[in-house]
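Chains as they are written, first to last, in this note's numbering: chain Z, 115 to 227; chain X, 2 to 112.
Cβ atoms here follow ideal geometry from the backbone N, Cα and C, with glycine treated the same way.
From a predicted model like this one, the values you see are computed outputs, not experimental measurements.
Each remark here refers to the structure printed beneath this line.
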């Protein structure tokens with residue numbers, strides 16, 4: 115069984131501030147982990163993924179995430195928020211035994227000028 | 002680049018109508034998925050398919066059916082549309098258990 119918890123349905127930051135979106139997972143086998151971003155009225159697009167290589171994963175638009183097995187976490191960070199980062203962010207987990215990912219409920223990132 | 006296209010971005014239908022939503026992917030992916038997305042509920046899986054003519058129910062299949070006659074095409078059918086099926090519908094495809102590629106979504110309104 116696998117599950118994902120995203121802490122905070124909304125996160126608000128000022129432009130230029132650190133972005134931290136939290137994701138905790140559970141999986142009975144080593145997981146694949148993903149972060150997706152969804153801009154208004156669009157589909158989801160992949161930001162980054164972890165598939166058992168380096169634990170620090172760099173993605174598009176300056177985002178990165180670190181896989182911490184001991185904490186079962188895969189938090190998403192960006193050093194300096196930009197107005198264009200305002201969107202919905204989804205964490206997802208899948209494992210080698212199932213091609214059906216489990217998605218978190220999403221976190222809406224709000225960026226203030 | 003993988004491309005997933007959906008037949009309509011916006012659709013307005015009347016209660017009781019039969020509705021077809023089509024999805025096409027161009028990367029020869031085995032797996033295709035239909036989700037609906039509602040505020041506060043995230044993505045909920047309606048149906049998925051892991052091969053041509055194969056389909057499996059997801060978490061909320063009631064009121065929906067699907068068809069996959071060709072590998073690249075996966076259709077979602079609302080047999081008799083109801084107002085509670087007003088939602089954003091997202092199609093996705095994937096290779097094995099790797100990342101999913103999503104279409105732009107269809108915002109369906111049933112009146």
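A direct Cα-Cα distance of roughly 17 Å separates residue 151 of chain Z from residue 208 of chain Z.
Annotated three-state conformation of residue 39 of chain X is strand, per DSSP.
Burial is judged here by how many other beta carbons sit within 10 angstroms of a residue's own beta carbon; residue 153 of chain Z has fewer than 16 and is exposed. Spatial neighbours of residue 81 of chain X in its own chain (CB-CB distance under 6 Å, excluding positions within 5 residues in sequence) are listed in chain order as 17. Among the CB atoms of chain Z, none fall inside 8 Å of the CB of residue 26 of chain X.
Residue 93 of chain X has its alpha-carbon roughly 5 Å from the corresponding atom of residue 102 of chain X.
Burial check for residue 193 of chain Z: the Cβ neighbour count within 10 Å stays below 16, so the residue is exposed. The residues 202, 204, in chain order, have a CB closer than 6 Å to that of residue 220 of chain Z in the same chain once the five nearest residues on each side in sequence are set aside. Put simply, the CB of residue 148 of chain Z is near chain X, with a gap under 8 Å to one of its CB atoms. For residue 139 of chain Z, no chain X residue has a Cβ inside 8 Å of its Cβ, as the nearest lies near 14 Å away. Nearest to residue 66 of chain X by alpha-carbon distance, out of X:88, X:35, X:11, is X:35. If only uninterrupted beta strand (DSSP E) runs of at least 3 residues are considered, those enclosed by the region 22-79 of chain X are 32-39, 43-52, 55-58, 65-71, 74-79. Cβ atoms of residue 118 of chain Z and residue 216 of chain Z come within 8 Å of each other, at about 5 Å. Exposure of residue 124 of chain Z is indicated by the presence of fewer than 16 other C-beta atoms within 10 angstroms of its C-beta.
For residue 136 of chain Z, the uninterrupted beta strand (DSSP E) run begins and ends at 133-141, by DSSP.
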